[in-house]
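In the order they appear, the protein sequences are chains A and B.
Note that the first sequence covers residues 1 to 283 in UniProt numbering.
Note that the second sequence covers residues 1 to 283 in UniProt numbering.
These notes are about the structure you will find just below.
Protein chains: 2
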Amino acid sequence: MEDYGRFLALLASALLVGFVSVILSLVWVFHYREGLSWDGSLGEFNWHPVLIITGFVFIQGIAIIVYRLPWTWKCSKLLMKFIHAGLNTIAMILAIVSMVAVFEFHNAKNIPNMYSLHSWIGLTAVIFYSLQLFLGFAVFLLPFAPVHLRVALMPIHVYSGLTIFATVIATALMGITEKLIFALKSPAYSASPPEATLVNCLGLLLVIFGSLILWMASRPHWKRPPAENAKILRPTEATPDGTEVESTLTKSSNADKSDLRSNTEAARKQNIKFDEAGQRSTM
Amino acid sequence: MEDYGRFLALLASALLVGFVSVILSLVWVFHYREGLSWDGSLGEFNWHPVLIITGFVFIQGIAIIVYRLPWTWKCSKLLMKFIHAGLNTIAMILAIVSMVAVFEFHNAKNIPNMYSLHSWIGLTAVIFYSLQLFLGFAVFLLPFAPVHLRVALMPIHVYSGLTIFATVIATALMGITEKLIFALKSPAYSASPPEATLVNCLGLLLVIFGSLILWMASRPHWKRPPAENAKILRPTEATPDGTEVESTLTKSSNADKSDLRSNTEAARKQNIKFDEAGQRSTM
């Protein structure tokens, strides 16, 4: 791997920043707020920031870069797809539980639901995340989708994943802003009490975490090595196997595969397309 | 250009969404708020959302995709760099004026400055944007930087540009959230008065605008054609000119250029690196 040391330093930084964010969210709710409970009180609301930061930011971030970890490159692509999908499923469950906590708290206190920009964009992000997860399972994990569909959808899957992740962080920042304005009364948010400083720092850490994940995810030379793809680049070697994107395909797609390799120039172009789409790592 | 029709449809959508966002910000401040003025009143504060949405979101978004417009591909790269830098300079000036408006309003009303997460992340974004603009001028526009420095910095320039753009939109969403909570009292934000609905829609449009710009900017096949780069891919043709990244370089970098082409495999790898970095279009 090129720049292995730099990758490890960035990974360690991302893990540290993500971990500290989760800790700060716990310090926030236990030291400055009402702790955690499940009884319609503010303690139930507090599950919302804790679970969003733990699941929808930290775990989703790890799920995004899981293919980048060099020590997983000896594992099968299918196993890594299960880990990627599994982490995203955990993130999604935590996000849904955290939303239930807010709705139950609002209903218990007769606070309207879904009036704020935070709630509009947050719910939109959860809906798109569910769609992304469902399509990811159906197209890239299950062995039924034809290769041309996978190739066509992979750039959209990658782009959607990163855009939803960025949107989730933006939504968390809006949520932090809302909560600090509503919760801090004397002293107010504008008086910068210690809680405000702590939670502002938490918001900054979320931006840094997101930036680190997006950098690691978008470096082409840190992708899982395209061992199979490389064979398309050298069609004269006449290797019989297909690209990585096909690794869980059934034999029904063999026609597609042979089409792909029917001519050197087409194969080269197709390979560039695969590379550009970043489909090699499902990320 | 591949998918020319689709590109035009997305460009038209982005321009429409961006334009409607600017209009909605004007409807907000003129129809629901105190209009625009420069006297320390709320009318001065209102320049902040209008100039941020016009300059720091809309114009910055256009600056990001300006290399993608196919009808500019016959123009020189240097001219396009000037347009890219010029649009970003306009965006930066509008962002700074919009910040002056808020500071003057806060000072006139004895409201503390820089206490909110919105202000922390917003100021950080402006500082990074200034650095990005300065480094962009120094490294990619002026003809002094050696090619290896340009190649090394281009991936960082592209990543920083897109990350700052996304962060600016996230900051705008926080600002909208703050303003609606502070400004709407009877009826409150939670009662969803028409102003809240309008401005929530404005926030959604900003997310859609950002998503469209990021999609257009990250499609490799919509990049400005790599006419010069292609010559590195075919070193046997012995073309004397360098890559596009060198188009404003002085002769002092000729040693670097010949180094780059000293061997076929190295040139191919270098070309892949150029392609991956997306340096061909400074975007």
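The beta-carbon is built from N, C-alpha and C at its ideal position, and this holds for glycine as well.
Interface flag, residue i vs chain B, CB-CB below 8 Å
i	result
methionine 216(A)	no
proline 112(A)	yes
serine 192(A)	yes
tyrosine 115(A)	yes
alanine 145(A)	no
tyrosine 159(A)	yes
glutamate 178(A)	yes
valine 207(A)	yes
isoleucine 65(A)	no
isoleucine 121(A)	yes
tyrosine 4(A)	no
isoleucine 127(A)	no
tyrosine 32(A)	no
isoleucine 96(A)	no
isoleucine 23(A)	no
threonine 89(A)	no
isoleucine 93(A)	no
Beta-ladder partner(s) of residue i, from DSSP
i	result
lysine 179(A)	Partner(s): none; lysine 179(A) has no beta bridge.
lysine 185(A)	Ala188(A)
Length of the line joining the Cα atoms of residue i and residue j
i	j	result
lysine 109(B)	glycine 40(B)	8 Å
lysine 179(A)	serine 116(B)	12 Å
leucine 94(A)	threonine 72(B)	47 Å
lysine 185(A)	tryptophan 28(A)	16 Å
phenylalanine 165(A)	threonine 171(A)	10 Å
proline 70(A)	tyrosine 159(A)	22 Å
aspartate 256(A)	leucine 135(A)	For aspartate 256(A), the predicted model reports a pLDDT of 38, less than 50, meaning its position is unreliable; a value from the coordinates is still stated below. Cα-Cα distance, rounded: 21 Å.
alanine 183(A)	alanine 9(A)	37 Å
leucine 133(A)	isoleucine 96(A)	14 Å
leucine 173(A)	histidine 221(A)	31 Å
serine 13(B)	lysine 81(B)	24 Å
tyrosine 32(A)	threonine 89(B)	43 Å
leucine 142(B)	phenylalanine 128(B)	20 Å
serine 98(B)	glycine 161(B)	20 Å
valine 66(B)	alanine 152(B)	22 Å
proline 112(A)	isoleucine 52(A)	21 Å
valine 168(B)	alanine 125(B)	7 Å
alanine 138(B)	alanine 85(B)	11 Å
methionine 92(B)	valine 147(B)	27 Å
phenylalanine 26(A)	tryptophan 38(A)	The question names phenylalanine, but residue 26(A) is leucine in the sequence shown. Looking at the two C-alpha atoms, the distance is approximately 16 Å.
serine 130(A)	threonine 54(B)	33 Å
aspartate 241(B)	tyrosine 4(B)	Any reading at aspartate 241(B) must be qualified, since the residue scores a pLDDT of 33, below 50, and its modelled position is unreliable; the value itself is stated next. Distance between the alpha carbons of aspartate 241(B) and tyrosine 4(B): 29 Å.
leucine 78(B)	serine 190(A)	47 Å
alanine 188(B)	glycine 35(B)	20 Å
isoleucine 83(B)	serine 192(A)	42 Å
leucine 11(A)	methionine 216(A)	8 Å
leucine 212(A)	serine 218(A)	10 Å
arginine 6(B)	isoleucine 64(B)	18 Å
valine 102(A)	glycine 175(A)	12 Å
Boundaries of the alpha helix (DSSP H) in which residue i is found, first to last residue
i	result
cysteine 201(A)	194-218
asparagine 107(B)	77-108
valine 66(B)	Note, valine 66(B): premise wrong, no alpha helix (DSSP H); not H, not E.
glycine 35(A)	No alpha helix (DSSP H) holds glycine 35(A); DSSP gives it neither H nor E.
isoleucine 127(B)	117-135
tryptophan 47(A)	47-51
alanine 14(A)	4-27
Any C-beta of chain A under 8 Å from that of residue i
i	result
isoleucine 53(B)	no
asparagine 200(B)	yes
serine 253(B)	Here the model assigns serine 253(B) a pLDDT of 38, short of 50, so the residue's position is not dependable and the matter cannot be decided.
histidine 118(B)	yes
residue 317(B)	This structure cannot speak to residue 317(B), because chain B is shown only from 1 to 283.
glycine 203(B)	yes
serine 13(B)	no
serine 211(B)	yes
glutamate 195(B)	no
valine 50(B)	no
isoleucine 232(B)	Per-residue confidence for isoleucine 232(B) stands at a pLDDT of 42, beneath the threshold of 50, marking its modelled position as unreliable; no derived number is given.
isoleucine 59(B)	no
threonine 72(B)	no
isoleucine 169(B)	yes
alanine 166(B)	yes
isoleucine 83(B)	no
Segment contact flag, the segment 18-25 of chain B with the segment 53-62 of chain B, C-beta cutoff 8 Å, min 3 pairs: With three or more CB-CB distances shorter than 8 Å, the segment 18-25 of chain B counts as touching the segment 53-62 of chain B.
Touch test, the segment 96-106 of chain A against the segment 31-48 of chain A, Cβ-Cβ under 8 Å, three pairs minimum: A contact is defined here as three or more CB-CB pairs under 8 Å, and the segment 96-106 of chain A meets this definition with respect to the segment 31-48 of chain A.
The segment 1-18 of chain B touching the segment 206-214 of chain B, judged by at least three CB pairs closer than 8 Å: Contact holds: three or more Cβ-Cβ distances are below 8 Å.
contact_flag[the segment 118-132 of chain B, the segment 192-204 of chain A] where n(CB pairs < 8 Å) is 3 or more: Cβ pair count under 8 Å is three or more, so yes.
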